[in-house]
């Protein structure tokens with residue numbers, strides 16, 4: 018699923034669907050491409066680049082994804098043997114790839130686990146011949162959800178939330194609560210007592 022509509026459906030109706038087929042891909046645009054449904058076709062700055070990229074991507078052999086989430090592993094599958102490959106990070110720094118490409122069925126070459134995508138932006142794999150393979154690394158879109166979440170849904174995200182809630186609801190008199198509060202009170206009383214004792218000794222010496 019490449020794109021969804023923002024409609025009343027639970028997860029959004031599919032707009033652009035992609036599927037691997039043989040050595041290429043098939044792409045389904047689920048609505049009209051003319052002005053019967055929208056004015057998208059009237060915008061050459063949108064329609065032409067979209068059609069160009071869809072056609073270019075459809076003839077690429079199936080392989081590792083190039084639209085990645087932050088923290089994913091970067092791998093590439095190339096149609097020609099990569100000589101002296103370099104991995105360029107979003108900041109512009111380049112790192113030589115110190116591994117041999119593995120031949121794949123169909124005449125392609127694979128470079129696996131080049132790096133961990135630890136930065137958002139465009140990564141590029143460049144060879145001595147000048148060819149480049151781009152990777153778009155982005156954040157998980159689910160992290161941008163702004164809908165209100167129920168308490169039970171939040172607690173199911175991580176066991177740590179459940180533990181924190183149990184500790185917050187613990188009865189301090191039961192012995193299962195946190196100990197730092199009474200310890201701090203005890204230390205404070207000791208410091209006050211020490212100060213009073215030192216003052217008393219100082220007065221005795223003065224007398």
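In our numbering, the protein residues as written are 18 to 224.
Note that CB positions come from ideal geometry on N, CA and C, so glycine has one too.
Host alpha helix (DSSP H) of residue i (start-end)
i           : result
residue 90  : That residue, residue 90, is in no alpha helix (DSSP H); its beta strand (DSSP E) goes 90 to 95.
residue 169 : 168 to 172
residue 67  : 61 to 75
Per DSSP, the bridge partner or partners of residue i
i           : result
residue 44  : 35
residue 116 : Paired residues: none, contrary to the question.
residue 111 : 105
residue 220 : Answer is none; residue 220 lacks a bridge partner.
residue 21  : 31
Check whether residue i and residue j have beta carbons under 9 angstroms apart
i           : j           : result
residue 113 : residue 101 : yes
residue 95  : residue 150 : yes
residue 116 : residue 105 : no
residue 34  : residue 48  : no
residue 99  : residue 140 : no
residue 92  : residue 128 : yes
residue 154 : residue 85  : yes
residue 168 : residue 152 : no
Contact set for residue i: own chain, Cβ-Cβ below 8 angstroms, skip 5 residues either direction
i           : result
residue 59  : 52
residue 66  : none
residue 146 : 97 and 100
residue 196 : none
Cut-off 7 angstroms between Cβ atoms - residues of its own chain near residue i, not counting five sequence neighbours on either side
i           : result
residue 133 : 88 and 90
residue 23  : 29
residue 50  : 58
residue 144 : 99, 100, 101 and 102
Closer than 8 angstroms: residue i CB and nearest the ligand FMN heavy atom
i          : result
residue 72 : Inclusion of the ligand FMN in the displayed structure is not the case, the ligand content being empty and no account of it being possible.
Close beta carbons around residue i, own chain, < 6 angstroms, minus the five adjacent residues each side
i           : result
residue 43  : 36
residue 20  : 32 and 33
residue 136 : 107
residue 75  : 41, 42 and 44
residue 56  : none
residue 148 : none
residue 64  : 58
residue 83  : 152
residue 121 : 127
Residue range of the beta strand (DSSP E) that includes residue i
i           : result
residue 125 : 125 to 133
residue 149 : 149 to 155
residue 138 : 138 to 143
residue 85  : 84 to 86
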